[in-house]
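Chemist: Following this message is one structure expressed as structure tokens.
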Amino acid sequence: MTLPEAIGLVGRSLRLDPSAFEVIQTSPRGLTVALVVVLLGTLSEAIGQSIMLFANRVRPRRFVLSLLLSSGIQAFGMVFWTASVWWVAGRVFGVDANLRQVTRAVGLGYSPYLFSFFILVPFFGAFINGLLSLWRLLVVVLAVDVALDLSVRQALLSSGLGWLLLQVVKSTIGRPVISLTRVMRRWVAGVELSNLNELFKALQGSPSQTVTKTSTKTVTTSPTTSPITTDGSQQPQSQALQSDTRQKDAMQPDTVQKDIPQKDKV
Amino acid sequence: MNLLDVWTILVGLVLALLVMGTLAPFEALEWWAGWYGSRTEDTDTEDTDTEDTTDASAATQPIARVSEQHDHSRHFVVFLSGIHSVSGESYAAREIAFLEALKARLPHITLVELFPYSVTNRALTGQRQFARVWRWALNNKVSGNGLAGFLINLRNLWQVAVSADRRYGPIYNRGSADMILKGLRAKGYPFAGDTPVTLIGYSGGGQIAVGAAPYLRDALGQPVQVISLGGVISADPGALALRKLYHLYGTRDAVQRLGNIMCPGRWAVVALSPWNQAKRSGIIRLIRMGSMDHTGVDGYLDADTFVGQDDATQLYQRVISRNTINRNVNNQSASIQNTSVQNSGSPATASQGVNSQDVSASSSNQPPKLSYLDVTLDTISTCLTDIESSLGAVPSPS
């Protein structure tokens, strides 16, 4: 299968064209195409959710490594989903399913996730995420339907129950694995990865951009962990809090500055 | 052109739009992540930079030095321009005329102009990867190319969406607040006192202003006020951190209505949204501006379109009553300034803001010929005066 043919195949799967799901099963390169789609799809998803890395101020090189790790973890999740679908189809519907067939079907089902980087689009990100998840489910259901010669209802149940089984495994015996992935993410990112809610709660009254005037230009430094200062100076947070009273007492017209500990001002 | 072509073009346009949107948050995110490092950037507050360089000793005490120049300043007004802008410096003729008239009308205010669609306050035509594209777009827009103008609008509209987005909003709005503080500092804002700060957000600037409000409140130690001129505003929690939000809107302004339509939190049924809470608590005041449009001819800043017969009675009544308040308040303000400001040349009197047209109108009691710009200026002046009165910065007329 040539590259244009592979792209055409993915395009047809996005349009829910049943012929794409037949070709992916019969083509000698079908499995490779399916796995490449999974890897690219999960990488795209990692980019779409990279706000977490930005918000935690991960450095550029580690940022790229974190994206790759995230992509790998998601792809690993796809393997488990495939196994779950295969197990449910065999146990519940008595289908003598080939694991490779299911892998090709579920793998191609990740084609809508190639657009997951659009989750970054402001304001519409959540909507796009939901749309892509639904789209992926539809593609997987149709692909499983064709691969295992099931009815649409059976294919839907296989995919749905497979996904449910995966969630149960994740929250029970899979917990050590989840913990391990957290440790790996933190190690690769090089910083503690807090969730957005925690970060934004702390945002009001913590790090800020500081600005230093130079002779002809303004040097914009990156946001630091110093408190917000209105005079353009910067000092360590603890020092700022301690010196606040002294500053107010010693406030002179030519050195006037206001360094307000946030908790006192709200 | 067959249906397939139309479909292809439509899909292409949607994809282009989505790609623009995808790239939109990166500036704020990279700034927050510290990826900009210590990159040296141009600033839009060139006047201040010049001041800083002319006197080496002054660099260590910029606030005191500037304060001497502005010691009669009682109100700092930050103007956040509309989505048509490419930098903090207005280039649109109507906007320039509006700002000049506002300064002439209220000489006691200190005006700070900022480009609100970049947390680093970098002009689109400044040091950017796509600066050449934006320079091209600006040149073409000035030459009357509507598509180029549309591109600039679209780029800035996505930044408004970044500010309104729950994921990016806190980061972007924090950056905006920093930028505003920097602008205030550059203009000599006396951080030691409680000098009021009001943000005028035109178009998308309305959302940026509301978004930055909680951070400004924390930094300044007092809530700020926002005057939204046809502002596209989401149900941002920042509204609850404001002292007052005056939302000026024209009935033909479809752009400001976007915020109302697109943000469920603005709908009346979502009673517990920050917007509706702020409305109930009296923070938000909606002011209808007659049949004004968002921009251009018939827009808020149009000096060549005059209030028609339909609007005349309502607007006239409001304008006259407000000017009466203005005159009373400003006369008191002027007398206070005359007595308190010594040896400062000729202190400006705010009563100059009441033009002869208004005065003649009150005396003849006939509706004057008011342009849309006049009405906008008058309404904003009234809002600013209301703010000053409520804060006690200027004694309110008893």
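Residue numbers (this note's numbering), protein chains in the order written: chain A, 1204 to 1469; chain B, -1 to 396. For each residue, glycine too, the CB sits at the ideal point set by N, CA and C.
Apart from the five residues just before and just after residue 237 of chain B, which ones in its own chain have a Cβ nearer than 7 Å to its Cβ?
Modeler: Contacts found: 208, 243, 272, 273, 276, 281 and 282.
Chemist: So residue 1316 of chain A packs on residue 1248 of chain A, CB below 8 Å; how close in whole Å?
Modeler: Indeed they touch by this definition, with Cβ atoms about 5 Å apart.
Chemist: Less than 8 Å between the C-beta atoms of residue 18 of chain B and residue 145 of chain B, yes or no?
Modeler: Not in contact: residue 18 of chain B and residue 145 of chain B (Cβ atoms no closer than 8 Å).
Chemist: Would residue 1389 of chain A count as contacting chain B if we go by Cβ distances under 8 Å?
Modeler: False, the Cβ-Cβ gap to chain B never drops below 8 Å.
Chemist: If you measure between the beta carbons of residue 199 of chain B and residue 160 of chain B, is that distance less than 8 Å?
Modeler: Cβ atoms of residue 199 of chain B and residue 160 of chain B: not closer than 8 Å.
Chemist: If you drop the 5 nearest sequence neighbours on each side, which residues of the same chain put their C-beta closer than 6 Å to that of residue 1322 of chain A?
Modeler: Closer than 6 Å at Cβ, skipping near neighbours: 1251, 1328, 1331 and 1332.
Chemist: Inspect the beta-carbon positions of residue 1238 of chain A and residue 1227 of chain A and report whether they are closer than 8 Å.
Modeler: For residue 1238 of chain A and residue 1227 of chain A, no; Cβs fall outside 8 Å.
Chemist: Tell me, please, whether the CB atom of residue 115 of chain B is closer than 8 Å to any CB atom in chain A?
Modeler: With 8 Å as the cut-off, residue 115 of chain B does not count as an interface residue toward chain A.
Chemist: Which of the three DSSP states is assigned to residue 220 of chain B in this structure?
Modeler: Coil.
Chemist: Could you say which of B:25, B:132, B:296 and B:390 lies nearest to residue 373 of chain B if we only look at CA atoms?
Modeler: Taking only the C-alpha atoms, the option nearest residue 373 of chain B is B:296.
Chemist: For the beta strand (DSSP E) that contains residue 1310 of chain A, what are its first and last residues?
Modeler: Not the beta strand (DSSP E): residue 1310 of chain A falls in the alpha helix (DSSP H), residues 1302 to 1312.
Chemist: Using 8 Å as the threshold, is the C-beta distance between residue 257 of chain B and residue 289 of chain B below it?
Modeler: Not closer than 8 Å, so no.
Chemist: What do you get for residue 1401 of chain A, buried or exposed, if any count of 16 or more other CB atoms within 10 angstroms of its CB means buried?
Modeler: Residue 1401 of chain A should be labelled exposed.
Chemist: Distance cutoff 8 Å, beta carbons only. Does residue 1298 of chain A sit that close to anything in chain B?
Modeler: No, residue 1298 of chain A lies away from the interface with chain B (no Cβ there is under 8 Å from its Cβ).
Chemist: Report the start-end ranges of each alpha helix (DSSP H) in the stretch 192 to 239 of chain B that is 4 residues or longer and not cut off at the edges.
Modeler: Correct list: 203 to 218.
Chemist: With 8 Å set as the bound, which would you pick, yes or no: does the beta-carbon of residue 169 of chain B sit closer than that to a beta-carbon of chain A?
Modeler: With 8 Å as the cut-off, residue 169 of chain B counts as an interface residue toward chain A.
Chemist: Whole-angstrom Cβ separation of residue 1312 of chain A and residue 1346 of chain A, contact assumed at under 8 Å?
Modeler: Sure, about 5 Å apart at Cβ, within 8 Å.
Chemist: Please tell me whether residue 1244 of chain A and residue 1319 of chain A are closer than 8 Å, where the distance is taken between their beta carbons.
Modeler: Yes, these two residues count as a Cβ contact at 8 Å.
Chemist: Counting only C-beta atoms, is residue 163 of chain B closer than 8 Å to chain A at any point?
Modeler: With 8 Å as the cut-off, residue 163 of chain B counts as an interface residue toward chain A.
Chemist: Using a Cβ-Cβ cut-off of 6 Å (strictly less than) and excluding sequence neighbours within five positions of residue 55 of chain B, which residues of its own chain qualify?
Modeler: Confidence at residue 55 of chain B is low in this model, with a pLDDT of 30, below 50, so the placement of that residue should be treated as unreliable; the coordinate-derived value is given next. If we look at residue 55 of chain B and ignore the five residues flanking it on each side, it has no Cβ neighbours.
Chemist: Determine which residues of the stretch 265 to 284 of chain B have a Cβ less than 7 Å from any Cβ of chain A, and write them out in chain order.
Modeler: Listed in sequence order: no entries.
Chemist: Can you tell which of A:1209, A:1255 and A:1260 has the C-alpha that lies nearest to the C-alpha of residue 1240 of chain A?
Modeler: It is A:1209 whose Cα lies nearest to the Cα of residue 1240 of chain A.
Chemist: Does the pairing of the stretch 82 to 101 of chain B with the stretch 369 to 383 of chain B give three or more beta-carbon distances under 8 Å?
Modeler: Taking 8 Å as the limit for Cβ pairs, the verdict is that the stretch 369 to 383 of chain B does touch the stretch 82 to 101 of chain B.
Chemist: Is residue 1291 of chain A near the ligand FAD, with its Cβ less than 7 Å from a heavy atom?
Modeler: With respect to the ligand FAD, the structure shown offers nothing to examine, as it has no ligands at all.
Chemist: In chain B, which residues lie less than 7 Å from residue 1263 of chain A when you measure between Cβ atoms?
Modeler: Result: 33.
Chemist: Applying a beta-carbon distance threshold of less than 7 Å, which residues of chain B neighbour residue 1324 of chain A?
Modeler: Chain B residues near residue 1324 of chain A: 16, 19 and 20.
Chemist: Among A:1341, A:1352, A:1277 and A:1371, which residue has its Cα nearest to the Cα of residue 1301 of chain A?
Modeler: The shortest Cα separation from residue 1301 of chain A among A:1341, A:1352, A:1277 and A:1371 belongs to A:1352.
Chemist: Below 8 Å on the Cβ atoms is my guess for residue 227 of chain B versus residue 298 of chain B; work out the distance and round it to an integer in Å.
Modeler: Confirmed, Cβ separation roughly 6 Å.
Chemist: Anything in chain B within Cβ reach of residue 1254 of chain A, meaning under 8 Å, just list it in chain order.
Modeler: Going along chain B in sequence order, the residues near residue 1254 of chain A (Cβ under 8 Å) are 23, 27, 165 and 166.
Chemist: Residues of chain A with a CB under 9 Å from the CB of residue 159 of chain B: which are they?
Modeler: Those within 9 Å of residue 159 of chain B in chain A are 1324, 1325, 1326 and 1327.
Chemist: Have a look at residue 182 of chain B and residue 108 of chain B and give me their C-alpha separation to the nearest angstrom.
Modeler: In a straight line, the C-alpha of residue 182 of chain B is about 9 Å away from that of residue 108 of chain B.
Chemist: Should residue 134 of chain B be flagged as near chain A, meaning a C-beta pair shorter than 8 Å?
Modeler: Output row for residue 134 of chain B: interface = no.
Chemist: Measure the beta-carbon distance from residue 1325 of chain A to residue 22 of chain B and round it to whole angstroms, keeping in mind my assumption that it falls under 8 Å.
Modeler: Confirmed, about 6 Å.
Chemist: Going straight from the alpha carbon of residue 1440 of chain A to that of residue 141 of chain B, what length do you get?
Modeler: At residue 1440 of chain A, the pLDDT of 34 sits below 50, so the modelled position is not reliable and the matter cannot be decided from this model.
Chemist: Per DSSP, residue 243 of chain B forms a beta bridge with which residues?
Modeler: In DSSP, residue 243 of chain B forms a bridge with B:224 and B:282.
Chemist: Just to confirm the assignment, what range does the beta strand (DSSP E) spanning residue 385 of chain B have?
Modeler: Unbroken run through residue 385 of chain B is the alpha helix (DSSP H), 370 to 389; no beta strand (DSSP E).
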